[in-house]
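According to UniProt numbering, the sequence shown is numbered sequentially starting from 1. Ideal placement from N, C-alpha and C gives every residue a C-beta, glycine not left out. It should be emphasised that the depicted structure is a prediction, and the values quoted were computed from it without experimental measurement. Presented below is the structure to which this report refers.
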Amino acid sequence: MNQILHREKAAALLHFLEASPVRTTYDLDKHRLTLLGEAAEEMVHFRLPITVPYSQTGIAESKPVQYVMLLIQAGHCALGYFEDGRCLNHKVFRAYMVRQKQGKSQIKYLKTKGKSRAGSRVRLGETAEFFDNINSRLQDYFQEHRIDRVAISCSKTLQPYLYTAAVPTPFDKRDPRLFKIPKHIHTPIYEVLLDANRFLQRGELIALTEAGFAAIPALQDFLQHHAGDSAEEVSEQDELADEVYLTDDWEEDTLDTGDDLDEEDDDIVDWD
């Protein structure tokens with residue numbers, strides 16, 4: 001059982017829990033509270049909106065959150081800088097990384113074959129440039145702004161290329177600000193970036209037992225008291241999340257696919 005909470009309701013619940021005797025633990029990596037039962041057993045997860053900060057001291061903070069969102073799939077990336085839920089700048093990158101006939105990225109192909117032809121070398125070169133471009137934009141964001149969180153969606157296969165690119169990331173893979181987006185992400189484009197942002201601006205309650213939210217009586221009371229609030233309600237702040245302020249970089253780095261290169265009888269080279 002789960003329930004989505006709009007931003008204001010999630011913030012109200014957080015303040016309610018702070019004033020209640022309900023015991024909680026906070027997971028920074030997942031930006032999530034766990035509500036505990038009388039025997040300290042886990043009863044309910046409460047994922048907080050990314051725009052509702054929470055300190056390790058157990059006190060909700062009121063400062064606006066500045067964050068970067070980074071969505072990466074093979075050959076596709078959408079990233080943006082956000083302040084309090086509003087997208088102030090974004091960028092979309094596209095690169096030739098997928099083998100057209102097999103529909104498999106060159107990185108995954110190398111894991112099974114270990115060799116590459118001319119077309120493959122083109123894809124590998126574009127892969128390197130792809131991650132350099134991503135990290136260059138991230139460097140710009142981190143130099144110009146205070147970054148509180150980094151919301152990221154990137155497969156384990158691609159992460160080594162992100163963190164070992166010639167242009168370094170402004171954070172490492174153990175940075176406490178990293179937050180893995182708990183949602184399936186479609187091919188990263190601007191609209192998908194905004195959709196992920198809307199998702200992260202909402203809270204979510206997840207019941208861990210058959211008793212549901214009734215396992216925490218105080219939580220059940222809160223939900224009943226706010227039963228008139230629709231879980232689908234969209235606040236003014238959420239609507240503003242779709243607006244882009246300051247700059248709107250809608251440039252796609254598209255590259256010639258060079259399909260004919262795969263057919264060349266070229267030398268085979270090793271790629272470590």
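Backbone secondary structure at residue i - three-state DSSP
{"i": "residue 232", "result": "Because the pLDDT of residue 232 is 47, which lies under 50, any placement of that residue in the model is unreliable, and the question is left without a value."}
{"i": "residue 186", "result": "coil"}
{"i": "residue 137", "result": "helix"}
{"i": "residue 129", "result": "helix"}
{"i": "residue 82", "result": "strand"}
Rounded C-alpha distance that separates residue i from residue j
{"i": "residue 63", "j": "residue 201", "result": "15 Å"}
{"i": "residue 174", "j": "residue 28", "result": "12 Å"}
{"i": "residue 71", "j": "residue 155", "result": "10 Å"}
{"i": "residue 215", "j": "residue 209", "result": "8 Å"}
{"i": "residue 158", "j": "residue 23", "result": "38 Å"}
{"i": "residue 187", "j": "residue 136", "result": "21 Å"}
{"i": "residue 220", "j": "residue 11", "result": "16 Å"}
{"i": "residue 224", "j": "residue 33", "result": "20 Å"}
{"i": "residue 131", "j": "residue 73", "result": "11 Å"}
{"i": "residue 126", "j": "residue 179", "result": "27 Å"}
{"i": "residue 52", "j": "residue 147", "result": "14 Å"}
{"i": "residue 89", "j": "residue 129", "result": "21 Å"}
{"i": "residue 31", "j": "residue 85", "result": "16 Å"}
Test: residue i CB closer than 9 Å to a CB of chain B
{"i": "residue 55", "result": "The question asks about chain B, but that chain is absent: this structure has only one protein chain."}
Residue i: first and last residue of the uninterrupted alpha helix (DSSP H) it sits in
{"i": "residue 191", "result": "190 to 200"}
{"i": "residue 9", "result": "7 to 19"}
{"i": "residue 213", "result": "Element bounds for residue 213: n/a, residue is neither H nor E."}
For residue i: DSSP bridge partner residues
{"i": "residue 72", "result": "77"}
{"i": "residue 158", "result": "Residue 158 is not bridged to any residue."}
{"i": "residue 207", "result": "44"}
{"i": "residue 220", "result": "DSSP lists no partner for residue 220."}
{"i": "residue 3", "result": "205"}
First through last residue of the beta strand (DSSP E) which encompasses residue i
{"i": "residue 26", "result": "24 to 27"}
{"i": "residue 149", "result": "149 to 153"}
{"i": "residue 178", "result": "178 to 180"}
{"i": "residue 92", "result": "86 to 94"}
{"i": "residue 32", "result": "32 to 36"}
Rounded distance between the beta-carbons of residue j and residue i, thought under 8 Å
{"i": "residue 169", "j": "residue 138", "result": "6 Å"}
{"i": "residue 17", "j": "residue 25", "result": "With 8 Å as the limit, residue 17 and residue 25 do not qualify as a contact, their Cβ atoms being about 12 Å apart."}
{"i": "residue 46", "j": "residue 197", "result": "Actually they do not touch by this definition, with Cβ atoms about 20 Å apart."}
{"i": "residue 13", "j": "residue 222", "result": "6 Å"}
{"i": "residue 92", "j": "residue 189", "result": "6 Å"}
{"i": "residue 5", "j": "residue 205", "result": "7 Å"}
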